[in-house]
Each structure stands twice: as C-alpha cells, then as structure tokens.
Ligand code: 8X3
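In my numbering, the protein residues as written are 106 to 350.
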C-alpha cells in the first residue's frame, strides 16, 4: 500500500521540491497550496501528485482538504514565509499578523486536522519546516523570528504530548536557502533587494537540498525520530557569519 504525504506550500520552493522528491520515493503526494495553476502544472509533470487548493489561514479550507483524504502517513507543514525586514520599532502589524497566521496558526490548523489520520496510520510523521530564525534572532527579523520561534516551540511541545503514540515529530530548520520567492516576498517584490541577500555567497542551499533532508528524515525506520535537523550552506557558519566573495 502506497503511503500518502500531504505537503503544504507545494506550489514553489521547498514545498514543491519536497512534493517532487516524495513522489519519486513512491508516496501518493497531496500537493496543497493557494495557487492552483502552479499545482496543476506540477501534477501534469510528475506522476503520483494530486493538486489540492489550500489556504492554511482558513479553517474551512483546511477542513475541506482533510475531508478529501482517506489516509495520511506524512504531513509536511511547509507553508509560511517572511514579510518585511523592518526593525521592531517600525514593523507593520499586519505583517506580523500574517506571518503568525501562516507559519504558526497554519501549521496548527493542519496539525490538529490531520493528527487523527497520522496516528491512525500506525507510523505517522509530522514534519515542521521551521528555520534557523526559530533558534536565534537577528535585526529586522523580529516578526519572522518570533513566528518561527513559536513554531519551534509548538514542535517541541507536540513531541512531548504525543510520546507513546505512533507518530514522529520532526523539525527541519534551514539557514540560507535561495529559492524563487522567499526573499522576493520578504522584500515585497523588490528583486534587487532580494538578490542582495545571496550576493557573493558561493553556494546557498537550494530548495532541493532541503527537500533531500526532509525526505531522508521521513523515511527513517519507524523507531527513529529526527528531532531537529539544522541545515545551512557551508558558507554560513552562523546567522550573521556568512562567507561572501
Ligand atoms: C530563512 C532563513 O536567515 O532568512 O528561514 O531567516 S533566514
């Protein structure tokens, strides 16, 4: 019996790369995101992917997705992202609200809705895509770091609360990853500002590097729980310590 994996944020970046890799591993993949046309293209291209329109900020949308599932063995909570790089003193409240709603409450909605199926599978894996921003703080990162710290904390709490149940709780915390949209979204479409983030960095991680780690983590034997995997490019020794040429 093929296992089913649900991936949120699957229309681009790490989510899309994860959907592709999980399908290649033989999973039935439910690729979920808001932008349906991108999902349809992905599903046309890759066998084993079912596109589902999903807005993780809407309980109704989450419930509709869950109602369409017969089973779920793996949940990858990838939807989220950063908005703005203003200092806390001048940050926009709406940005903080949006980041909290997608990264934290979006993961909470999906987790609450899918836990019964994950546990019912007999070997479920709940994976949270957090960030090194969930482990440390940096100037301008206030709202994003706060949201990612909250998501990291939720992950730790879940692992404690679910011990003894047939479900693993995995956190993947990437550092610098160059994707099509992460920095562009953060800088509200300013491509020059987005490119500056990676300027001179020999090799930032790619979405596929992170997807590789995700797929490795969820395909370990059932008794092996990868609690947290921090993954950075070789050129990034710490949040502020980046080698540029
Ligand atoms: C992305 C890593 O350094 O932009 O989650 O916060 S960082």
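Cβ coordinates follow ideal geometry from the N, Cα and C atoms, glycine included.
Item: Give me the Cα-Cα distance between residue 256 and residue 233, rounded to the nearest whole angstrom.; Value: 8 Å
Item: Just the Cα atoms here: how many angstroms apart are residue 314 and residue 343?; Value: 18 Å
Item: Can you find the residues in the same chain that come closer than 8 Å, C-beta to C-beta, to residue 263, ignoring five residues on each side of it along the sequence?; Value: 216, 231 and 274
Item: Name the residue from 278, 304, 220 and 121 whose alpha carbon lies nearest to the alpha carbon of residue 266.; Value: 220
Item: Apply the 10 Å Cβ neighbour rule to residue 297 and answer buried if 16 or more other Cβ atoms are within range, or exposed otherwise.; Value: exposed
Item: State the beta-bridge partners of residue 278 as determined by DSSP.; Value: 335
Item: Look up residue 169 in the DSSP assignment and say whether it is helix, strand or coil.; Value: helix
Item: Given a cut-off of 7 Å on the beta-carbon distance, is the pair residue 112 and residue 136 in contact?; Value: yes
Item: Among all residues, which have a Cβ less than 5 Å from at least one non-hydrogen atom of the ligand GTP, and in what chain order do they fall?; Value: Of the ligands one can find in the structure shown, namely the ligand 8X3, none is the ligand GTP.
Item: Name the residue from 249, 272 and 308 whose alpha carbon lies nearest to the alpha carbon of residue 287.; Value: 249
Item: Residue 323 lies in the alpha helix (DSSP H); which residues open and close that run?; Value: 312 to 323
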